[in-house]
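Engineer: The numbers in the UniProt record's numbering rise by one with no breaks, and the one at position 478 of the sequence shown is 478.
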Amino acid sequence: MTTPPQGPWGPGQPGGQPGGQHGGQGGSQQPPQQGGWGQQPPGQGGGWGQPPQQPQGQPPHGRPPQQDRPQQGWGQQPGQPGQPGQQGQPGQPAGGWGQPPQQGGGAYQQQSWGQRQQQGPWHQQQGGQPGQWQPGGPGGKGPGGISKDKLPFVIGGGVVGVILIGLLVFLGVRAFSGDDTPTTQPTIEPTGTGEPTGGNPTESPTSGPANGELGNATGQAKAATEKLQGIGFACSDLFNTAQGAHRGCFKSDGRKDAEAILQFGSDGNIVAVRVQAQDSDNNNNAQVAFDQVLQAVGNDAFGADSVKKVQAAVKTGQRSEEVSTSWGDLQLSNSGESLRLSGKKSGEDSLDLPDQNFDTTQAQLTAALKAKGYVCTSSCKKEVGQYGSQRVYSYARSGEGIKDIEVSVYGEGSAVKNAMNAVVNDTFGVLKGGNAAAVKSYIQAHSDGKPYAAYVGGWKVEIDGSDSSSYKSQRISIRYESFYA
Numbered sequence: 001m002t003t004p005p006q007g008p009w010g011p012g013q014p015g016g017q018p019g020g021q022h023g024g025q026g027g028s029q030q031p032p033q034q035g036g037w038g039q040q041p042p043g044q045g046g047g048w049g050q051p052p053q054q055p056q057g058q059p060p061h062g063r064p065p066q067q068d069r070p071q072q073g074w075g076q077q078p079g080q081p082g083q084p085g086q087q088g089q090p091g092q093p094a095g096g097w098g099q100p101p102q103q104g105g106g107a108y109q110q111q112s113w114g115q116r117q118q119q120g121p122w123h124q125q126q127g128g129q130p131g132q133w134q135p136g137g138p139g140g141k142g143p144g145g146i147s148k149d150k151l152p153f154v155i156g157g158g159v160v161g162v163i164l165i166g167l168l169v170f171l172g173v174r175a176f177s178g179d180d181t182p183t184t185q186p187t188i189e190p191t192g193t194g195e196p197t198g199g200n201p202t203e204s205p206t207s208g209p210a211n212g213e214l215g216n217a218t219g220q221a222k223a224a225t226e227k228l229q230g231i232g233f234a235c236s237d238l239f240n241t242a243q244g245a246h247r248g249c250f251k252s253d254g255r256k257d258a259e260a261i262l263q264f265g266s267d268g269n270i271v272a273v274r275v276q277a278q279d280s281d282n283n284n285n286a287q288v289a290f291d292q293v294l295q296a297v298g299n300d301a302f303g304a305d306s307v308k309k310v311q312a313a314v315k316t317g318q319r320s321e322e323v324s325t326s327w328g329d330l331q332l333s334n335s336g337e338s339l340r341l342s343g344k345k346s347g348e349d350s351l352d353l354p355d356q357n358f359d360t361t362q363a364q365l366t367a368a369l370k371a372k373g374y375v376c377t378s379s380c381k382k383e384v385g386q387y388g389s390q391r392v393y394s395y396a397r398s399g400e401g402i403k404d405i406e407v408s409v410y411g412e413g414s415a416v417k418n419a420m421n422a423v424v425n426d427t428f429g430v431l432k433g434g435n436a437a438a439v440k441s442y443i444q445a446h447s448d449g450k451p452y453a454a455y456v457g458g459w460k461v462e463i464d465g466s467d468s469s470s471y472k473s474q475r476i477s478i479r480y481e482s483f484y485a
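(1) Go through its chain and collect everything with a Cβ distance to LYS222's Cβ below 7 Å, but skip five positions before and after it.
(2) Per DSSP, which one or two residues make a beta bridge with residue 487?
(3) Ignoring anything shorter than 3 residues or poking outside the segment 370-404, list the beta strand (DSSP E) runs there in chain order.
(4) Using the DSSP secondary-structure output, state which residues sit across from ALA453 in a beta bridge.
(5) According to DSSP, ARG475 sits in a beta bridge with which residue or residues?
(6) Considering Cα atoms alone, identify which of SER466, ARG475, LEU294 is closest to GLU259.
(7) On a CA-only basis, which of VAL314, GLN444, GLY434 is nearest VAL423? Give me that one, please.
(8) Counting pairs of beta carbons, one from the segment 323-342 and one from the segment 299-315, are three or more of them closer than 8 Å?
(9) Quick check on the burial criterion: 16 or more other C-beta atoms within 10 angstroms. Buried or exposed for THR218?
(10) If the criterion is Cβ atoms closer than 9 Å, does the pair LYS256 and SER280 meet it?
(11) Relative to the C-alpha of LEU330, which candidate in LEU351, VAL307, ASP352 has its C-alpha closest?
(12) Okay, do the segment 385-394 and the segment 444-453 touch, 3+ Cβ pairs below 8 Å being the bar?
(13) How close, in whole Å, do the beta carbons of VAL271 and GLN263 come, if the pair is a contact with beta carbons under 8 Å?
(14) Leaving out five residues before and five after SER320 in sequence, what residues of the same chain have Cβ atoms less than 8 Å from its Cβ?
(15) Quick check: what's the CA-CA separation for ALA242 versus SER482?
(16) Do you know offhand how far GLU400's Cα is from LYS309's?
(17) State buried or exposed for TRP133, treating a residue as buried only when at least 16 other CB atoms are found within 10 Å of its CB.
(18) Going by DSSP, what residue range makes up the alpha helix (DSSP H) through GLY433?
(19) Check ASP237 in the structure and name its three-state DSSP category.
(20) When DSSP labels each residue in this structure, what does SER252 get in the three-state scheme?
(21) Along the alpha helix (DSSP H) that carries GLN220, what are the first and last residues, could you check?
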């Protein structure tokens with residue numbers, strides 16, 4: 001559950017801090033305990049010429065080997081069962097590059113790294129003392145002191161050794177060339193730093209719609225979305241995954257604003273809501289706008305009887321009140337010019353929002369803007385014309401990237417649009433990460449002076465302005481969304 005958001009209308013004004021509480025950092029994740037590429041466990045014993053059995057699955061690229069078991073080098077083969085009468089080669093270490101496995105005189109034996117094969121008495125010479133049996137027997141000795149009777153076996157063993165060396169070289173080259181395809185695919189980790197819990201989405205919002213778009217929806221969510229779009233709301237998804245979605249529908253007309261936030265599962269059933277409307281010029285108009293969004297969402301999510309309970313509570317006047325319904329408990333806040341209703345379905349949890357921030361820090365942004373002629377104190381400001389100005393304000397937690405940023409321009413007529421384009425370029429020339437390119441693209445596509453609001457690349461982006469006099473203003477707010485129900 002995330003921290004309750006700030007009031008909807010105060011935050012985001014020039015000179016103040018953008019609203020919204022910010023979630024904590026997600027827990028660190030431990031890497032899986034996997035072996036490195038090309039490492040092979042001891043094979044099952046087989047006859048001469050049989051390669052060791054391959055492992056059933058290989059780990060993803062880049063994973064460290066397990067710490068509690070000995071590791072084997074590239075292309076190393078485990079020990080093979082010995083052939084009767086076959087002698088080991090003394091003076092050679094077991095394993096390693098291009099070396100055939102050492103053969104024992106009896107049953108299958110494993111050797112650890114760097115240990116020499118234990119040789120039996122068959123290979124020990126007794127100094128040629130009379131009466132003692134010498135290796136070589138009646139057949140005499142061949143080249144190198146090897147019994148002529150056993151020479152064919154030695155030659156055969158050498159041929160097999162050459163074959164095994166060739167096989168090892170082939171496997172080693174193939175492993176280094178990266179042709180092996182792991183049978184178990186690497187797990188895609190979320191890019192967000194906050195880890196959703198309790199059935200929450202496992203994907204970062206950056207993997208969702210990047211340009212104020214909608215994902216899939218069925219049932220209650222689909223019906224409510226279509227009704228809101230029918231009365232002029234523009235809808236977009238902060239994230240939309242197989243586990244659930246967070247959708248926002250926004251409508252702005254000068255000093256009048258309304259929004260509906262829906263959280264729903266893969267079946268389309270709405271599990272949490274927040275609906276609100278405000279009109280700073282007329283309280284009655286605020287109530288009318290609130291009632292429209294309440295019915296568009298509530299009739300499908302709560303049912304008609306629950307909607308009537310909320311409407312009755314609104315008529316009692318300006319107050320905060322909890323409204324109990326068969327769907328769940330709803331919290332109503334009514335200040336006259338602003339009304340808000342939030343709540344979640346009984347027995348359900350609202351979806352946590354993955355954390356979001358740019359890679360750029362406040363210090364980096366400030367230094368870059370100063371180099372472009374901005375004067376920076378609590379915000380960075382640059383004069384435009386005789387009375388106009390450009391302003392950049394940002395917020396970040398200590399040691400972290402920027403989480404909220406607001407750019408604004410004030411000036412005469414046509415100069416405002418050019419000044420806004422300039423400050424946007426100055427700001428996004430510094431911002432890195434956090435889908436900065438997608439956010440800039442959305443802003444540039446909605447630079448006609450009209451108000452807009454949408455979820456873009458994991459951020460809530462709001463564009464508004466005023467042209468009620470010869471001097472105009474424009475404001476762009478980019479902030480991490482917060483939600484509490």
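Note that CB positions come from ideal geometry on N, CA and C, so glycine has one too.
Structural biologist: Looking at the coordinates:
(1) GLY268
(2) The structure shown does not extend to residue 487, since the chain spans only 1 to 485, so no value can be given for it.
(3) 380-384, 388-395
(4) GLU462
(5) SER408, ASP464
(6) LEU294
(7) GLN444
(8) yes
(9) exposed
(10) yes
(11) VAL307
(12) no
(13) 6 Å
(14) GLN331, LEU332, SER333, ASN334
(15) 21 Å
(16) 45 Å
(17) At TRP133 the pLDDT is 39, less than 50, meaning the model places this residue with poor confidence; the figure from the coordinates comes in the next sentence. Exposed, by the Cβ-count rule.
(18) That residue, GLY433, is in no alpha helix (DSSP H); it is neither H nor E in DSSP.
(19) strand
(20) strand
(21) 219-230
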